[in-house]
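Structure first, commentary second.
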Amino acid sequence: MWRTGNRATPGDDASSLFAVAWQRGDDDDRAHPEARESPAARFWGWSPDGSSWRAAAAILATSEDLTSAPGTPWVCLRTDGHTVRAAVSSTAQGGLYWTLDQARGDDSSDGRGQPAHAAPTLIFGTHLPTLVRARRTRTTLDEAFIRSFALATAPAERTPFAEVRRIAPGTTALWGPGQPQPRIQEWCGPAAWSAEPSLSGPSVLSEYLSTFDDAIDELLDGATAPIAAAVSGGLDSTFMAASLARHSTPSAPLLAFCHSPDPAAELPTSSGPFAPDDYPIARELAKAYPGRIEVVRVVSNERGALDAAADFSARTWLPVFAPANHVWLDDIADRAVAAGADRLFHGANGNPAFSYSHPYALRYYASRRDWRSVARLAAPSGDEGAEPWPRQVRSRVAGQLVAPVRSARHETVKRAYLTHFGFPAAAQADQVGAPVGGTMDRAGYLRWLRQDFSTPAAMGPAGWPLTMVDPFTTHGVLDLAARISPLEWSTRGPGSRGLARLLAAGRVPDAIRLRRATGGQGWDAWYHARNSRQRYLDEVEALADSPVLGKWLDARALRNVVLGWPWGSAGIGSLGELLAVDRILSLAAYCRATQTNLDGLATS
């Protein structure tokens, strides 16, 4: 049967762990089938009035059906002596870590000449370092995870440690008596969503707005601290901020923190669809909501991306995918805490849940021989502000007809890019980065919507001084986005991301709502790195001695890239090169530091 208890080592927070021991029966090696103690439960999360805990515990106690689970970030675990059940809300991006630990016992033998072991113990926690330290057996780096993380393909249920797993948001894990591996039930994700989305028509707008507003209401229920959000001048974060402003007043305005590059940085004159400085356009929010939204400019100091990544990894024992982003995100989080906020709203999942145009729609309907929907893709949109019909056809139809050619070209470019940075030829280059329009399909979109990869774990509680909250990850919003038909996403509204622009009408000022540029952050990353030539060369030199990556990547190729940069100058030709090198070098530094931490642990 399962027995419960706290488990930690000196210096760790024991309350962050929950352990259940697998006690064998006296007559055989199977887990005892009878419960011998009262039910025990544990709740991690933010619950100002206790409602989330009551709802989650009641659901776990009675049923596996979590369709009515609260939308706030929570993790709930319950055991009755027979089974262990753990559930993670879709908004709890950090998930729940677990490990099965079986340490050597005190006796040298079990009486039959075999080594004696203590009872296997399941250990759960939301703080990865504490959980790893609580293990009595050796913990090792997961080489497959590290490599896939470098390629942006690490799965959501894996962690950097081979012996530790993660229960992803929107799922429940169930362990039966003596079972070392759980059965996973996905209740907010592709397995629970219909394969044939059909929601369309006039009700889409009102249903989305009411669902999103309900999510905001629940996330702010019982809140007394100032409301804070991280915004850019993009559509996702400004729609979120405008929706939050329903709860703000002139005496307690929404604090919308917007990163702005260092004024001394040399910004690119042409950055494609991205705006190097979003602060000027973000200020339109303050004009549209006078007294209710205060747009706060945040200019980061000269702290480098490699230092920001190292600091974050030291707190969380997690690698960092986009080190430059942590420079300004850390600054915004600190500013929010200084203002008295206890949570920071952000819109990282807004693209799949709100503003994606679903360019795979033509292939989706053609594969189903739904010619009526195919014809609608070629028909003009009647929505106000829609683009001219020829442009609509070019984006919805012609672009998809040449998508295979574009995809092949894109794959060739990616392979060359990886070779440039020292990745081996066998690396899965066709899986690097976010899916592009030509290669996305319906199944891929649903995985993206669910955040079916490991990087959202970085938004977990261990890495930040306050709770990070993304309303685009709430159960209701995700389920609704999955139900809306690709036809509706593709054909409504003015231009690309048209449905999102329609939804934002009346909330987001038109200067933001109808702009074609995309909000961008971190364009001053090179400015902060420009005088760190020796630091980068030292990190490249250390790459060869890094666990996992040292024998996998070509440090010479990476060194040639770094030597070619215009050190000391204010501008760099390719910001993308810097961001890619930052990811590789910070991951290598993470592997070295983490291996040192693991080597210092006392294990049996």
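For the sequence shown, position 444 (counting from the first letter as 1) is numbered 443 according to numbering that gives the first Met the number 0, and the numbering increases by one without interruption. Ideal placement from N, C-alpha and C gives every residue a C-beta, glycine not left out.
Here N324 is buried. Its C-beta has 16 or more other C-beta atoms within 10 Å.
Annotation: the stretch 252-323 contains the following complete segments of the beta strand (DSSP E) (minimum length 3 residues), in chain order: 253-258 and 292-297.
For G475, the enclosing alpha helix (DSSP H) starts and ends at H474 to R482. The beta carbons of D277 and G232 sit about 4 Å from each other, so the pair counts as a contact at 8 Å. Assignment of F211 by DSSP, reduced to helix, strand and coil, places it in the helix class. Per DSSP, M467 is one residue of the beta strand (DSSP E) stretching across T466 to V468.
Within the same chain, and ignoring the five residues on either side of F422 in sequence, the residues whose Cβ sits closer than 7 Å to its Cβ are L552. Its chain contains A304, L305, A307, A308, D581, R582 and S585 as the residues whose beta carbon lies nearer than 7 Å to that of P322, once the 5 sequence neighbours on both sides are disregarded; these appear in chain order. The beta carbons of C187 and D478 sit closer together than 8 Å. Boundaries of the beta strand (DSSP E) harbouring Q184: R182 to E185, taken from the DSSP string. Contact between D509 and N348 does not hold, since the beta-carbon distance rounds to 25 Å and is not under 8 Å. If you look at I122, you'll find it in the beta strand (DSSP E) that goes T120 to G124.
Here E283 is buried. Its C-beta has 16 or more other C-beta atoms within 10 Å. The stretch 353-362 makes contact with the stretch 226-240; the number of CB pairs closer than 8 Å reaches 3 or more. The beta carbon of M439 lies closer than 6 Å to those of Y359 in the same chain, with the five residues before and after it left out. Taken atom to atom, the span from the alpha-carbon of P159 to that of E142 is near 8 Å. Three or more Cβ pairs drawn from the stretch 281-296 and the stretch 241-252 lie within less than 8 Å of each other, which places the two stretches in contact.
A274 and I166 do not touch by the CB rule: their CB atoms are close to 38 Å apart, not below 8 Å. L343 carries a strand assignment under DSSP once its states are collapsed to helix, strand and coil. Under the Cβ criterion (8 Å, minimum of three pairs), the stretch 214-224 does not count as touching the stretch 254-264. In the three-state DSSP reduction, Y359 falls in the coil class, being neither helix nor strand. According to the DSSP secondary-structure assignment, W97 is paired through a beta bridge with F123 and R164.
Taking 4 residues as the shortest admissible run, the stretch 514-548 contains the following complete alpha helix (DSSP H) segments, listed from N- to C-terminal end: 524-528 and 532-542.
By the C-beta density criterion, I183 is exposed, having fewer than 16 other C-beta atoms within 10 angstroms. Look at W488 here: in three-state DSSP terms it is helix. For V560, the enclosing alpha helix (DSSP H) stretches over residues A554 to L562. Apart from sequence neighbours up to five positions away, the residues of its chain that approach L448 with a beta-carbon distance below 7 Å are P351, A352, L477, A480 and A481, ordered along the chain.
By the neighbour-count criterion, in which a residue is buried when 16 or more other Cβ atoms sit within 10 angstroms of its Cβ, R137 is exposed. Between the stretch 186-203 and the stretch 119-132 there are fewer than three C-beta pairs closer than 8 Å, too few to call the two in contact. Looking at the DSSP output, L577 bridges to nothing. In the DSSP assignment, F17 is bridged to F123.
Distances from the alpha-carbon of T139 to those of P546, E576, G567 and V539 put P546 closest. For the 8 Å CB-CB criterion, A554 and Y526 do not form a contact. Closest in C-alpha terms to Q533, from the list A524, R558 and P181, comes R558. Each residue's CA atom was taken as its position, placing F211 and D369 some 31 Å apart. Membership of L173 in the beta strand (DSSP E) is indicated by the continuous run T170 to W174.
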